[in-house]
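Numbering (our numbering), first residue to last: 468 to 641.
In this text, a Cβ means the ideal position worked out from N, Cα and C, and glycines have one as well.
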Ligand code: SAM
């Protein structure tokens, strides 16, 4: 209870512990999704960042088309998608034309990791993005997100994935 173990060391979770947990959850879920994704349909990586999760997805899903969205690309040079698969711009500008081009229900798997340190901004972003993401998912399609989304046609199946609750959010479209 005093937050120390017998040796006098603190037992609280450090920022390093927390970062490792988040990354472990992220990797475990991407592995889970690669096993559970339907055989047809697009894969979307939303938020390229430095390309870590994109690199993992493309390794686990060889031969699948992965479209990547990012407003300011600055990934590790080895972690860029092939020509034509990086869609540069703000999601509210790039997702609507993408839906028009590929069709509603065209995505089998969406991984979205776009959070910032500003929780209120994160909540508002998730609220505004939810209808666009929901429109993209095919029946049975899976969305993995770093936050909760409000998609009435989808079921929260986070509990089925064995990843600790609240770390990541997993939905399947009915
Ligand atoms: N999963 C990535 C990885 O493993 O390297 C990290 C993604 S990083 C946390 C989030 C990315 O989302 C940033 O590169 C940011 O530029 C992008 N992003 C955030 N909001 C966005 C928006 N509205 N439109 C496009 N990209 C956005």
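Assignment of residue 636 by DSSP, reduced to helix, strand and coil, places it in the strand class. Counting only runs of 3+ residues, the beta strand (DSSP E) found wholly inside the segment 537-603 occupies 553-555 and 574-579, in chain order. Checking the 7 Å criterion, the Cβ of residue 536 is within range of a heavy atom belonging to the ligand SAM. The C-beta distance from residue 548 to residue 521 rounds to 7 Å, short enough to meet the 8 Å contact threshold. A contact between stretches requires three or more CB pairs, one per stretch, nearer than 8 Å, and the segment 538-554 fails this requirement with the segment 589-596.
Taking the Cα of residue 493 as reference, the smallest distance to any Cα among 605, 597 and 512 is reached at 512. A direct Cα-to-Cα measurement between residue 535 and residue 574 gives close to 12 Å. In this structure, DSSP gives residue 476 a state outside helix and strand, which the three-state scheme calls coil.
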